[in-house]
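Quick notes on the structure that follows.
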Amino acid sequence: EPVRFVKITAISAAAIEFAQTAAEIALSLVGVMSLFLGMLKIGEASGVIFALVKLVRPILRPLFPEVPADHPALGMIALN
27 EPVRFVKITA ISAAAIEFAQ TAAEIALSLV GVMSLFLGML KIGEASGVIF
77 ALVKLVRPIL RPLFPEVPAD HPALGMIALN
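Put into structure tokens, the structure is as follows:
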């Protein structure tokens, strides 16, 4: 059976179009993630995260008994 180049051209055009869409989505997600991580650093520096950990410590201690009470991981767990 002969090779139909029309289908191959359509497939390659669709692949390029979806690659462009994927790149646009990735760039927008990088922006949102940068904003979130920046706010997280500000929260850490200002002590807001430590205050949040104090509030939710009674809930987190039974769930994560192996994590020390003053460990930074507890703050990240509390944010989730």
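If you read the sequence shown in the numbering used here, its first letter stands for residue 27, the second for the next number, and so on.
Glycine included, each C-beta is placed from N, C-alpha and C at the ideal position.
Every value quoted in this text rests on a predicted model; they were computed, and no experiment measured them.
Alpha carbon of residue 36 to alpha carbon of residue 42, nearest angstrom: Sequence index remark: in the sequence shown, residue 36 carries index 10 (1-based). Sequence index remark: in the sequence shown, residue 42 carries index 16 (1-based). Residue 36 and residue 42: Cα-Cα distance of roughly 10 Å.
Burial state of residue 75 (16 or more Cβ within 10 Å): Taking the sequence shown and counting its residues from 1, one reaches residue 75 at position 49. Buried, since its Cβ has 16 or more Cβ neighbours within 10 Å.
Are residue 104 and residue 78 closer than 8 Å when you measure CB to CB? Stepping through the sequence shown from its first residue, residue 104 is reached at position 78. Stepping through the sequence shown from its first residue, residue 78 is reached at position 52. Against a cut-off of 8 Å, the Cβ pair of residue 78 and residue 104 comes out as a contact.
Taking all protein chains shown into account, decide if residue 57 is buried (16 or more other Cβ within 10 angstroms of its Cβ) or exposed. Counting from 1 along the sequence shown, the entry for residue 57 is found at position 31. When all chains shown are included, residue 57 counts as exposed.
State yes or no: is the C-beta of residue 100 within less than 8 Å of the C-beta of residue 81? Position 74 of the sequence shown, counted from the start, is the residue given in the question as residue 100. Position 55 of the sequence shown, counted from the start, is the residue given in the question as residue 81. Not closer than 8 Å, so no.
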